[in-house]
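Trainee: Just passing along the structure, written as structure tokens.
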Amino acid sequence: MAVTLTQGVLIAIFAIIAGIDFWLEGFYIFRPMIVCTVTGFLLGDLKLGIIAGGLTELAFAGLTPVGGTQPPNPIMAGIMTVVIAHTTGNSPATAIGLSLPFSILMQYIILFCYSIFSVFTKKADEYVAKGEFRKFGMIVLLPTVLVALLYSAFSFLSVYGAQNLMKTLVNSMPTWLSHGFTIAGGILPAVGFGLLLKSMLKVKYVPYLLLGFTAACFIKFGNLMPVAIIGASLAWIEYGREKKEQEVNKKFKNMEKSLENVGGEEDGI
Amino acid sequence: MESEKKARNKLSRRDITKLGLLSLFNQSGMNYQRMQADGWTFAMIPSLKKVYGDDKKGLIEAVKSNLQFINTNNYAAPLLMGLEASLEENGEERSTIDGLRVALFGPIAGIGDAITWYTILPIVAGVTASFAKQGSILGPLVFFIVYVAMFLARIPIAHLGYSAGTKAISKIHENSAIVAHAASVLGCTVIGGLIATYVQIDVVTKIQVTSSHTISIQKEFFDNIFPNILPLGYTFLLYWLLKKKNVNPVTLIILTFLLSILFSWMGVL
């Protein structure tokens, strides 16, 4: 069964909502479980949607955006699995595989967005410096709006306009270009850390930076907890040392003062 | 030290509830340069506005210092936001607040990811998918209800962070300068760890020595000097350009982007 124009538009509108939700990780509408169900409902085949939702959700269960990585896009996987199963009559399980090019292309678009949206930060800084918080808010929300538009355009084209064209596009994108985006994504946090260090790093803190770096290099663990514990221990040691120093200084000053007082009295005599 | 502290406005319970709800926008301005910083700040602004009241200059400084690299779990974000709000309310030193935020976002992200992505999602997805595969609407319905509840949990999480901060504050007050120093130690240690884990540069070039023997530049050269030496070097190069040469961050982002694509095309990275 072919997808009608109305259905294409409705799916595109739903993609906007799910796209914003995925961007913000708000209500998990973006998970295949919900995406497939709603797409199935919009295509008039709710049962297919629910069954595809269960299968796709399990297929995507291990693919999670943890620590800034991006898995293949769950929204496009969800939409296209149901659309392909609905239009071609394939089983949902086969349709999952056929939907993969769409979800991978959307993944690259999102990666590209993460990189390109870095250019808004300068403008955001300027608005804050001038105290124009309303404009700052608008520039912060701009990426969300742009992403929503991308989702609606991409899903409409995939679902209604140009299924075949999309497939060719996915397959013809040169690997060096897509690989380049991936690499840029891995290096760009360095700019953020550079800026962070610009405001926080003093020469006396360089040793701690190196200690944290070395610890993270050699402690293989899922998160930075070990480094944070080392950092907390160092902070503790420093705290104790500085506090002791402060007390010694205080005593020393008191002694100095009392000596001065003694000297003063002698002069008076 | 006490005399330097300015009286600040108090936040009400409603303000913290609002902060918890606003934490939804944590990822609205997501980008690779400083990740969630812009969205994080967007969520913090209403609280900061109330805390600073007429002190526009103080407000701008506080907002500015929030616009630094941050990447944490979305359900852990309101915890840290509540904590930061309580510190701001009590007029803690800028470096204490910034140091704690930078030090904490990584470790709590680890805990948050472990709970939300690796525990709750697999359980919810597994159970609801078993319903959905049989075509039962119960699957997607339960899934949706669980994640609406998860969204609402942001409110108590923000309150938890706020009250934890208020309790810690009385201790911090006594020695604010020393605490600021210790927080910087902790912060810089963690940044060192962040550089090692987030910035990824892998040279894939191999040199053909003889027809049967090749040397991988990454494995046999850079990794033998020190692991992650390239990420550290590149971060310091950027830091130097930002601090000493006053180079615009956007220039560095575009430069990084172009270099990535160029090196990808050349097959170096």
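These protein sequences, in sequence, are chains R and W. The first sequence begins at -13 in the numbering used here and counts up one residue at a time. The second sequence begins at 36 in the numbering used here and counts up one residue at a time. Virtual Cβ for every residue (Gly too), placed ideally from N, Cα, C.
#1: Show which residues of chain W have a CB atom less than 7 Å away from the CB atom of residue 165(R).
#2: Taking one C-beta from the stretch 217 to 226 of chain R and one from the stretch 251 to 260 of chain W each time, how about it: are there three or more such pairs within less than 8 Å?
#3: Strictly under 8 Å for the Cβ-Cβ distance: is residue 198(R) near chain W by that measure?
#4: In terms of alpha-carbon separation, which member of 141(W), 79(W) and 69(W) lies closest to residue 207(R)?
#5: State the CB to CB distance for the pair residue 101(R) and residue 298(W), rounded to an integer number of angstroms; the pair is presumed to be in contact (CB under 8 Å).
#6: How many Å lie between residue 58(W) and residue 90(R) at the Cα?
#7: Look at the alpha carbon of residue 52(W) and the alpha carbon of residue 60(W), and state the distance between them as a whole number of angstroms.
#8: Should the stretch 83 to 100 of chain W be called in touch with the stretch 128 to 142 of chain R, which here means at least 3 C-beta pairs below 8 Å?
#9: Could you name the residues that DSSP lists as bridge partners for residue 310(W)?
#10: Given a cut-off of 8 Å, decide if residue 78(R) and residue 38(R) are closer than it, judged by their beta-carbon atoms.
#11: Assuming the contact rule is C-beta atoms closer than 8 Å, residue 185(R) and residue 103(W) should be a hit. Round their C-beta distance to whole Å, please.
#12: Which residues of the stretch 212 to 238 of chain R have a Cβ closer than 8 Å to any Cβ of chain W? Give them in chain order.
#13: Under 8 Å between C-beta atoms, does residue 136(W) make it to chain R?
#14: Rounded C-beta distance between residue 244(W) and residue 253(W)? I'm assuming under 8 Å.
#15: Using CA atoms only, rank isn't needed, just tell me which of 4(R), 15(R) and -5(R) is closest to residue 183(W).
#16: Name the chain R residues that come within less than 9 Å of residue 242(W), Cβ to Cβ?
#17: If you measure beta-carbon to beta-carbon, which residues of the stretch 192 to 217 of chain W are closer than 9 Å to chain R?
#18: For the stretch 122 to 139 of chain R, which residues have a CB atom closer than 7 Å to at least one CB atom of chain W, in sequence order?
#19: Please report the residue range of the beta strand (DSSP E) in which residue -7(R) lies.
#20: Measuring only between beta-carbons, confirm whether residue 188(W) sits less than 8 Å from chain R.
#21: Do residue 227(W) and residue 202(R) have their CB atoms nearer than 8 Å?
#22: From residue 177(R) to residue 246(W), what distance separates their C-alpha atoms?
#23: Do residue 26(R) and residue 40(R) have their C-beta atoms closer together than 8 Å?
#24: Show which residues of chain W have a CB atom less than 7 Å away from the CB atom of residue 12(R).
#25: Can you pull the chain W residues whose beta carbon is under 9 Å from the beta carbon of residue 112(R), in chain order?
#26: With three or more beta-carbon pairs closer than 8 Å as the criterion, would you say the stretch -4 to 13 of chain R touches the stretch 119 to 133 of chain W?
#27: Beta-carbon separation of residue 101(W) and residue 147(W) under 8 Å?
#28: Which bits of chain R does residue 98(W) rub up against, with CB to CB less than 7 Å?
#29: Once DSSP output is grouped into helix, strand and coil, what is the label at residue 50(W)?
#30: What does the Cβ neighbour count give for residue 0(R), buried or exposed, with the cut at 16 atoms within 10 Å?
#31: Does the stretch 212 to 222 of chain W touch the stretch 160 to 170 of chain R, meaning 3 or more C-beta pairs lie closer than 8 Å?
#32: Is there a Cβ from chain W that is less than 8 Å from the Cβ of residue 25(R)?
#33: Measuring only between beta-carbons, confirm whether residue 220(W) sits less than 8 Å from chain R.
#34: Would you mind reading off the limits of the beta strand (DSSP E) that contains residue 241(W)?
#35: Please classify residue 70(W): does DSSP put it in a helix, a strand, or coil?
#36: For chain W, check one thing: does any of its Cβ atoms lie closer than 8 Å to the Cβ of residue 29(R)?
Mentor: In this structure, then:
#1: 299
#2: no
#3: yes
#4: 141(W)
#5: Residue 101(R) to residue 298(W), Cβ: 15 Å. No contact.
#6: 29 Å
#7: 14 Å
#8: no
#9: In the structure as shown, chain W starts at 36 and stops at 304, and residue 310(W) therefore has no counterpart that could be examined.
#10: yes
#11: 7 Å
#12: 213, 214, 216, 217, 218, 220, 221, 222, 224, 225, 228, 229 and 232
#13: no
#14: Between residue 253(W) and residue 244(W) the Cβ distance is about 16 Å, and since that is not below 8 Å, they are no contact.
#15: 15(R)
#16: Residues of chain R passing the Cβ test: none, with the nearest at roughly 20 Å.
#17: 210, 212, 213, 214, 216 and 217
#18: 123, 126, 127, 129 and 130
#19: Per DSSP, residue -7(R) belongs to no beta strand (DSSP E); it is in the alpha helix (DSSP H), -9 to 10.
#20: no
#21: yes
#22: 40 Å
#23: no
#24: 59 and 186
#25: Here the premise fails: no neighbours, minimum Cβ distance about 11 Å.
#26: no
#27: no
#28: 114
#29: helix
#30: buried
#31: no
#32: no
#33: yes
#34: 241 to 243
#35: strand
#36: no
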